[in-house]
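Some notes on the structure that comes next.
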Amino acid sequence: MTTGMNRKDTLADMVEKISDAQLVKMAASGDQKAFAGLFDRYESFVWNVTYRMTYNSDIAEDISQDVFVSVWIALPKFEGRSAFRTWLYRIVVNKTLNWIKSNRFELQYSDEKMLKNIENHLLANENPEEAINIMDAEKTLAKILSHLVPERRIAIILREIEGLSYEDISEVTLTPIGTVRSRISRAKDDLKKVAIDMEECRHGC
Amino acid sequence: MDVDGIINTIKRLQPPDSLQKNVVKAVATTPQEYKPEEVQPTIIDYIWQVIIARKIFLPLTAAALIAMVYVNLNVTTVIRQGNEQLEAVMTTNTEKFIRETIDTVFNYNLDNNVQLSHEEEEVNDFVSSNLMEIYWINGGKNA
């Protein structure tokens, strides 16, 4: 006899086997379950990008929700000229940068609430020992990312943390690939400088 | 720890459960936009598209004006002709009515070849004038 959990697992397995294009087609005709399948696939990406751009759970959640609702509304108009993934990433990048710009938002590395957010988040999801290591790294990343302008910050998050190719980033940000390369290269230089400064400060500055 | 070390140490963060709940709720109450092709274009839409695409506003307006004047003239002619025909029919009807009513009264006595007395002539006049009155009361030509 199939239990409820098994049925759920089977349904999740079935959804996993369906391609993005098929789910998009079904969701575009109003199928909310198909949209839930897309949500499950991309929720982590959307959340991680918005969170690391703001390091604020509430703001990241608002932007993420806005992204998914916008995708749901516009899905019937999605013509599939690019992959759904690219289209979604573009919406994430635009929504996040627009939010930061319109709210004149600036990452403050000394923001206690921001650091507490990371701590709470990691302690809730990792074992305590590992959480401390990850938390230290995340705090340092938050501090050095706060020194980058939003465009460079999002480029470095997409490339170094989310692992997108230069071509993908170029397509997502609608920026020439040369500009993407130089933007990421400069962002890396900035990050290295900040990391060195922070290390020096730790030994007394 | 250098930048690469930091990036290698950090992990993907788990989104809060409230995100999924809020998105599910929002999606359930938010209508999707429709594809333009799903709304069937009417013939008027097609005509407008042609008009807009070919920029034929002026010639079309001129053609419409000419058509309106032409139709209006024709309608006036038809109405005028129709009225004339109607009047002719009404006249015929009136004559028929008089023949069948008033004349009957007069012809009755004439057919019987009786010389009418003065009183009888007065009665005839009275009857015919009253019949005419009934005729006009009932609308005359327009009855």
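Those sequence lines, one after another, are chains A and B.
If you count the first sequence from 1, position 26 lands on 156 in my numbering, and the numbers rise without skipping.
If you count the second sequence from 1, position 123 lands on 159 in my numbering, and the numbers rise without skipping.
For every residue, glycine included, the Cβ atom is placed at its ideal position computed from N, Cα and C.
Rounded separation between ARG234 of chain A and LYS273 of chain A - CA only: Their Cα atoms are separated by approximately 18 Å.
Other residues of its chain near ALA317 of chain A: CB distance less than 8 Å, five sequence neighbours each side excluded: For ALA317 of chain A, the CB contacts under 8 Å within the same chain, skipping 5 residues up- and downstream, are LEU278, ARG282, ARG283, ALA285, ILE286 in chain order.
TYR181 of chain A: first and last residue of the uninterrupted alpha helix (DSSP H) it sits in: Its alpha helix (DSSP H) spans residues 162-184.
Limits of the alpha helix (DSSP H) - the one that GLY41 of chain B falls within: Looking at the DSSP string, the run of the alpha helix (DSSP H) that includes GLY41 of chain B is 39-45.
Span of the alpha helix (DSSP H), counted from its first residue to its last, around ILE299 of chain A: Unbroken alpha helix (DSSP H) run through ILE299 of chain A: 296-303.
7 Å CB neighbourhood of THR66 of chain B in its chain, flanking five on each side removed: Cβ-Cβ distances below 7 Å link THR66 of chain B to nothing in the same chain once the five nearest sequence neighbours on each side are left out.
Cβ neighbours of MET206 of chain A in the same chain (closer than 7 Å, five flanking residues each side left out): Correcting the residue identity first, residue 206 of chain A is Pro in this sequence and not Met. Contacts found: ALA158.
Nearest residue (CA-CA) to ALA254 of chain A, options B:ALA62, B:ASN44, B:ASP40, B:ASP53: Out of B:ALA62, B:ASN44, B:ASP40, B:ASP53, the CA that lies nearest to the CA of ALA254 of chain A is found in B:ASP53.
Residue-chain proximity (PRO206 of chain A, chain B), Cβ-Cβ < 8 Å: Closer than 8 Å to some Cβ of chain B, the Cβ of PRO206 of chain A qualifies, so yes.
Buried or exposed by the 16-neighbour rule on C-beta atoms within 10 Å, applied to ASP196 of chain A: Taking all protein chains shown into account, ASP196 of chain A has 16 or more neighbouring C-beta atoms within 10 Å of its C-beta and is therefore buried.
Pick from A:LYS147, A:LEU168, A:GLU268, A:VAL324 that is closest to ALA213 of chain A, judged by C-alpha positions: For the residues A:LYS147, A:LEU168, A:GLU268, A:VAL324, the minimum Cα distance to ALA213 of chain A belongs to A:LEU168.
Cα-Cα separation between GLY293 of chain A and ASN44 of chain B, rounded to whole angstroms: The alpha-carbon atoms of GLY293 of chain A and ASN44 of chain B are separated by roughly 12 Å.
Residue-level contact to chain A via CB, THR66 of chain B, 8 Å cutoff: Look at THR66 of chain B: its C-beta is under 8 Å from a C-beta on chain A.
Local Cβ density within 10 Å of SER312 of chain A, reported as buried at 16 or more and exposed below that: Counting every other CB atom within 10 Å of its CB across the protein chains shown gives SER312 of chain A a total below 16, marking it as exposed.
C-alpha gap between TYR82 of chain B and ILE203 of chain A, whole angstroms: Taking the CA atoms as reference points, TYR82 of chain B sits about 27 Å from ILE203 of chain A.
C-beta atoms of VAL63 of chain B and VAL199 of chain A nearer than 8 Å: A contact, by the Cβ cut-off of 8 Å.
Three-state class that DSSP yields for SER54 of chain B in the structure shown: Here DSSP, grouped into helix, strand and coil, assigns SER54 of chain B to helix.
Below-8 Å beta-carbon distance, LYS318 of chain A vs any chain B residue: It does: the Cβ of LYS318 of chain A has a partner Cβ on chain B nearer than 8 Å.
Selection from A:LEU227, A:LEU153, A:ILE264, A:ASP319 that minimises the alpha carbon distance to ARG358 of chain A: What the structure shows of chain A is the stretch from 131 to 335, and residue 358 of chain A is not part of that stretch, so it cannot be assessed.
Where the alpha helix (DSSP H) through ASN224 of chain A begins and ends: That run of the alpha helix (DSSP H) goes 214-232.
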